[in-house]
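These notes are about the structure you will find just below.
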């Protein structure tokens, strides 16, 4: 509930949200459920990205949430464009990357 409350303050209907280190996609799903126009979720771990994609599908947000399976440092700026808009909200709850700590 803490995350939902915090995101309610910044996510608007015209928001394009970028989540770095998406994991299972929880914050992306919350942003979509709050009405974000589009959500881009970046997750480096292939298995977690696949899980996130399935969770997005099961929750019916595949039209607004896009999973990118790459390190955030490998994502080109043009990959962040959604219908001509760059992200206006950045989400991240990075505890460590690839289970071994920060690698950037």
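Residue numbers (the working numbering): 3 to 106. Note that the Cβ used here is the ideal one computed from N, Cα and C, for glycine as well.
Answer yes or no: do residue i and residue j have a C-beta to C-beta separation smaller than 8 Å?
i: residue 21; j: residue 9; result: no
i: residue 84; j: residue 12; result: no
i: residue 50; j: residue 86; result: no
i: residue 68; j: residue 31; result: no
i: residue 54; j: residue 45; result: yes
i: residue 95; j: residue 37; result: no
Measuring only the C-alpha atoms, how far is residue i from residue j?
i: residue 59; j: residue 70; result: 15 Å
i: residue 64; j: residue 40; result: 10 Å
i: residue 88; j: residue 66; result: 14 Å
i: residue 72; j: residue 78; result: 10 Å
i: residue 91; j: residue 82; result: 12 Å
i: residue 47; j: residue 56; result: 14 Å
i: residue 74; j: residue 4; result: 25 Å
i: residue 6; j: residue 27; result: 13 Å
Would you call residue i buried or exposed, if buried means 16 or more other Cβ atoms sit within 10 Å of its Cβ?
i: residue 93; result: buried
i: residue 62; result: exposed
i: residue 15; result: exposed
Quick one: which unbroken beta strand (DSSP E) runs of 3-plus residues sit fully inside the stretch 41-78? Chain order, please.
67-70
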